[in-house]
């Protein structure tokens, strides 16, 4: 990612309410974020998953 959000990405976010940015986090960063999210009981209880 170039570090800037494009007009297309902004429009997609406004339409969808989220933005997927492939490669934003490397695998180690993603692992740390996942562990932190799972450790937060309130976050884990209210998170959506593939079964939602």
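In my numbering, the protein residues as written are 112 to 163.
For glycine and all other residues, C-beta sits at the position ideal for the given N, C-alpha and C.
All values reported here derive from a predicted model rather than from experimental measurement.
**Message:** With H, G and I counted as helix, E and B as strand and the rest as coil, what does DSSP make of residue 131?
**Reply:** coil
**Message:** Tell me the DSSP secondary structure of residue 155 in three-state form.
**Reply:** Here DSSP, grouped into helix, strand and coil, assigns residue 155 to helix.
**Cα-Cα separation, residue 135 to residue 142** = 13 Å
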